[in-house]
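Structure, rendered in structure tokens:
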């Protein structure tokens, strides 16, 4: 099945710094999403981005489907950005609906 | 308020005692699914449903059952729980399934401990 790899696995930033998180996937996808899991365990959808670029405030994401990767940019990081960021993809496959998650990038933003 | 709800939020049980975790969404979503989250393994899909009476296995379906009799509800059933099913469980839903699925909305999670 499709493999999803995220890097780096851990990231420590000083408040105000910028960062780039990467998601590589091993096969064509028709769905790619980025999620943030906060320290209380809640999972929040950040972007639905199977291709192209989107921006939402300090966060933006770019997916280059032909090269099988996606990037999540966090600018001017804040302590509330801490948590785990997951990339998830859904493979082409007719009626299949299996969403595959990467293992995540754990981000810690220090004040 | 649009949301996905799960109950219970926390559960401690013993091996072999059947349990059901409920999941309900009020957004008229077609697609619903269950995930488990374990340290070092990330989130893995257990079962999903593309619509009423349509369910299919995800990556880790063993030991679980689901049903989708109504659009809004998608309960997860553990007929005979075992300690290796101790985990954090999430229910999720999205608007439609057309071969392409859109944004997933997650419930708050259910932390299950099987002794």
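Protein chains in written order, with my numbering: chain A, 1 to 111; chain B, 1001 to 1115.
Ideal Cβ positions, reconstructed from N, Cα and C, are used throughout, including at glycine.
Where residue i sits in the DSSP three-state scheme
{"i": "residue 1005(B)", "result": "strand"}
{"i": "residue 1085(B)", "result": "helix"}
{"i": "residue 1070(B)", "result": "coil"}
{"i": "residue 80(A)", "result": "helix"}
{"i": "residue 65(A)", "result": "helix"}
{"i": "residue 22(A)", "result": "strand"}
{"i": "residue 1042(B)", "result": "strand"}
{"i": "residue 1111(B)", "result": "strand"}
{"i": "residue 1014(B)", "result": "coil"}
{"i": "residue 14(A)", "result": "strand"}
{"i": "residue 1060(B)", "result": "coil"}
{"i": "residue 110(A)", "result": "strand"}
{"i": "residue 52(A)", "result": "strand"}
{"i": "residue 105(A)", "result": "strand"}
{"i": "residue 1093(B)", "result": "strand"}
Buried versus exposed call for residue i [16 or more other C-beta atoms within 10 Å across all chains shown]
{"i": "residue 1049(B)", "result": "buried"}
{"i": "residue 1062(B)", "result": "exposed"}
{"i": "residue 38(A)", "result": "exposed"}
{"i": "residue 1082(B)", "result": "exposed"}
{"i": "residue 1017(B)", "result": "exposed"}
{"i": "residue 40(A)", "result": "exposed"}
{"i": "residue 1040(B)", "result": "exposed"}
{"i": "residue 955(B)", "result": "Limits of chain B in this structure are 1001 at one end and 1115 at the other, which puts residue 955(B) out of reach."}
Alpha-carbon to alpha-carbon, residue j and residue i
{"i": "residue 1114(B)", "j": "residue 1092(B)", "result": "23 Å"}
{"i": "residue 44(A)", "j": "residue 1052(B)", "result": "25 Å"}
{"i": "residue 1010(B)", "j": "residue 66(A)", "result": "42 Å"}
{"i": "residue 1109(B)", "j": "residue 1006(B)", "result": "7 Å"}
{"i": "residue 56(A)", "j": "residue 76(A)", "result": "13 Å"}
{"i": "residue 1104(B)", "j": "residue 14(A)", "result": "30 Å"}
{"i": "residue 1032(B)", "j": "residue 89(A)", "result": "16 Å"}
{"i": "residue 20(A)", "j": "residue 104(A)", "result": "13 Å"}
{"i": "residue 1055(B)", "j": "residue 1072(B)", "result": "14 Å"}
{"i": "residue 1087(B)", "j": "residue 1034(B)", "result": "12 Å"}
{"i": "residue 1099(B)", "j": "residue 111(A)", "result": "Because the pLDDT of residue 1099(B) is 48, which lies under 50, any placement of that residue in the model is unreliable, and the question is left without a value."}
Test item: CB-CB of residue i and residue j under 7 Å
{"i": "residue 1058(B)", "j": "residue 1037(B)", "result": "no"}
{"i": "residue 1164(B)", "j": "residue 1065(B)", "result": "Examination of residue 1164(B) is not possible in this model, given that chain B is present from 1001 through 1115 alone."}
{"i": "residue 100(A)", "j": "residue 2(A)", "result": "yes"}
{"i": "residue 1106(B)", "j": "residue 1023(B)", "result": "no"}
{"i": "residue 102(A)", "j": "residue 36(A)", "result": "no"}
{"i": "residue 24(A)", "j": "residue 5(A)", "result": "yes"}
Neighbour flag for residue i against chain D, beta carbons, 7 Å
{"i": "residue 1074(B)", "result": "Among the chains of the structure shown, chain D does not appear; the protein chains present are A and B."}
Original post:
In chain order, what residues of the stretch 36–58 of chain A put their CB closer than 8 Å to some CB of chain B?
Top reply: 41, 42, 43, 44, 45, 48 and 50
Subject >> Contact residues within the stretch 1030–1051 of chain B, judged by C-beta distance below 9 Å to chain A >> reply: 1031, 1033, 1035, 1037, 1040, 1041, 1042, 1043, 1044, 1045, 1048, 1049 and 1050
Subject >> chain B contacts made by the stretch 99–111 of chain A, where a contact means CB separation under 9 Å >> reply: 99, 100, 101, 102, 103 and 104
Original post:
Of the residues that make up the stretch 21–32 of chain A, which ones have a beta carbon closer than 8 Å to any beta carbon in chain B?
Top reply: 30 and 31
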